[in-house]
Amino acid sequence: MTCADVERVLPELLDGTPDRALPAEVEAHVKSCPACSDLVSDLNLISSEARQLAASEEPAPRVWVRIAAQLRAEGLIRDEGPATARPVLVPVPTYSGRRWSAWWLAPVAAAVLAAGSYVISHKPVPQVATQQAPATPVTAPTAVMAAVPPAAVRAPAPQQLAQKSAKPAGARRSEVEPAPSEEDQQFLSAVSTLAPSMRTTYELQLQAVNADIRETQAYVDRNPGDMDARQHLMDAYQQKALLYQIALDRIQ
Amino acid sequence: MTDPKQSISEREAIEQAKQGHEAAFEVLYHLHKRRVYSLCLRMVSNPAQAEDLAQEAFLQLFRKIGTFRGESAFSTWLHRMTVNVVLMQLRKKGLPVVSLEETLEGEDEAPRKEFGTKDLKLTGSIDRLQLQRAIDRLPPGYRTVFVLHDVEGFEHNEIAQMVGCSVGNSKSQLHKARLKLREYLKFMRAEKAKTG
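Quick note, the sequences are listed as chains L and E, same order. Take the first sequence: its letters are residues 2 to 253, numbered as in my numbering. Take the second sequence: its letters are residues 110 to 305, numbered as in my numbering.
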């Protein structure tokens, strides 16, 4: 048997099964041929290492936010389910007299989205991007952009943005986390009335979307002409508005 | 965060999701999100697209959950649905879900034969990030079969059915994908040795 013969039969033989025995004549050649031995060894190694890649990536929290919104829009979510069988992850809200506390969420959600739109569409292109402070509209953006999580969970930006954001360490986001905005404090206060696990879910989602907004905003500040980044920033504001809206639905 | 698996079983979640309970949908999502998103990401190599595809896969699942009778594992059902969503997207974009190299691809595209050479061997282990980068570089057709077989564990007959090729073609593509990955990984290792 020759090296070419081995190459011809390998696709049938290497099926990813660890330590699978090769037919005797193939085995004999592989043992006597360093090149074929290395080839078989490498291909088996690649196959076994690839298996470790399955389920290794975590989607951003916004994915569930979008799914939940769509399920609601399609009417697939019909009720809150039986309290006794309710998963800990999203328990039934048990409070009864707090409906008044969420009235502000609807206008805030709208304001967040409007503010995001304003920032993205009206922000002037700075003459000297590194010296000019970002434009600050009257409404929420300043507060929204200042709302920074403790960075425990961050939504990964799209690959393109991530690549563009690969700047020197000093150009990346500040190590000092600003305090939550007034709107976010209200949001956190409202969701604090929910069960602990549900509250945690909202807090993490808010952290993630704020981190996404902040990082994208910083990138847009440095690259005001990048339309992809502006679109991503708009998407991030929409995610935040959606998060507020979902919280509103649940609290009411 | 609390592990949803500790508080409700998948079977219970499926039954409650059929009744339209949001929490049950969320439990199912959290149980399977990593596997689904990872599969999408490996196949399209683009995080934003992978998010959209994972979202679409879960939505399709939840829309059809009333028809799930439990004959097969729920995860198998979901992962097949995810693969179909991704393949549909690839087809829409005009990307080959399976390489046409058997009939169209020239010899230049084929992995380089290295018989008789004693160059670098991928001994020990492979850096996960490097492997991921190498997979991202694979042509879409090779990548599809490699991800489905070696990463996700589908059998060749399942892959052949899903992508619409013969079992032999699936095996051939997988082998060529592995050869290309070997080539890429050795190149990366050599580059790293040069610079580092």
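All C-beta atoms in this analysis are idealised placements derived from N, C-alpha and C, irrespective of residue type, glycine included. This structure is a prediction, so every number in the text was calculated from the model and none was measured.
When CB distances to chain E are screened at a threshold of 9 Å, the residues of the region 52-72 of chain L falling below it are 52, 53, 54, 55, 56, 57, 58, 59, 60, 61, 63, 64, 65, 67, 68, 69, 71 and 72, in chain order. Among the residues facing chain E, residue 12/L is included, as its CB has a counterpart in that chain under 8 Å away. As the crow flies, the alpha-carbon of residue 188/L is around 36 Å from that of residue 188/E. By the C-beta criterion, the region 242-252 of chain L is judged to be in contact with the region 197-211 of chain L, since at least 3 inter-stretch pairs fall below 8 Å. Comparing alpha carbon positions, the residue from 281/E, 286/E and 120/E closest to residue 180/E is 120/E.
Along the region 183-207 of chain L, going in chain order, the ones with a CB nearer than 8 Å to a CB of chain E are 198, 201, 202 and 205.
Contact between the region 53-71 of chain L and the region 206-221 of chain L is present: three or more C-beta pairs spanning the two stretches fall below 8 Å. For residue 235/E, there is no enclosing alpha helix (DSSP H), as DSSP gives it neither H nor E. In terms of beta-carbon proximity, residue 33/L stays away from the interface with chain E, with every pair separated by 8 Å or more. Taking C-beta separations shorter than 7 Å and ignoring five residues to either side along the sequence, the partners of residue 117/E in its chain run 136, following chain order. With a minimum length of 3 residues, there is no unbroken run of beta strand (DSSP E) contained wholly in the region 143-213 of chain E. Collapsing the DSSP output to three states places residue 248/E in coil. At a C-beta separation below 7 Å, residue 163/E has these neighbours in chain L: 60 and 64. Contact between residue 58/L and residue 146/E holds, with the beta-carbon distance rounding to 6 Å and staying under 8 Å. The criterion of a C-beta distance shorter than 8 Å is satisfied by residue 70/L and residue 243/L. Nearest C-alpha to residue 39/L among 216/L, 192/L and 7/L: 7/L. Pairing residue 53/L with residue 237/E gives a Cβ-Cβ distance under 8 Å. Within the same chain, 78 come within 8 Å of residue 72/L by CB-CB distance, once the 5 residues on both sides are set aside.
In terms of Cα proximity to residue 243/E, the closest of 194/E, 302/E, 287/E and 132/E is 287/E. Following the DSSP letters along the chain, one finds residue 192/L inside the alpha helix (DSSP H) bounded by residues 183-192.
Using a Cβ-Cβ cut-off of 8 Å, residue 26/L does not count as an interface residue toward chain E, since no Cβ of chain E sits closer than that to its own. As for any beta strand (DSSP E) of minimum length 3 sitting wholly inside the region 261-305 of chain E, there is none. For residue 30/L, the CB contacts under 7 Å within the same chain, skipping 5 residues up- and downstream, are 2, 7 and 37 in chain order.
For residue 251/E, no CB of chain L lies under 8 Å from its own CB, so it is not counted at the interface with that chain. In the three-state scheme derived from DSSP, where H, G and I count as helix and E and B as strand, residue 34/L is classed as coil. Between residue 276/E and residue 265/E, the C-beta spacing is below 8 Å. Exclusion of the five residues before and after residue 165/E leaves 194 as the residues of its chain whose Cβ lies within less than 7 Å of its Cβ. In this structure, residue 239/E sits away from residue 190/E, with a CB-CB distance that is not shorter than 8 Å.
The shortest CA-to-CA distance from residue 199/E to any of 122/E, 279/E, 301/E and 158/E is the one to 158/E. Not a single CB atom of chain L sits nearer than 8 Å to the CB of residue 123/E. Taking C-beta atoms as the reference points, residue 213/L and residue 237/L count as a pair closer than 8 Å.
Secondary structure note for residue 256/E: it is in no alpha helix (DSSP H), with a DSSP letter that is neither H nor E. Separation of the CB atoms of residue 46/L and residue 27/L is rounded to 18 Å, and the pair is thereby denied contact status at 8 Å. Counting C-beta atoms within 10 angstroms of its own C-beta, residue 125/E has 16 or more neighbours from the protein chains shown and is therefore classed as buried. Sixteen is the threshold: since fewer than 16 other Cβ atoms of the shown chains lie within 10 Å of the Cβ of residue 226/L, the residue is exposed.
Between residue 254/E and residue 55/L, the C-beta gap is not smaller than 8 Å, which leaves the two residues out of contact.
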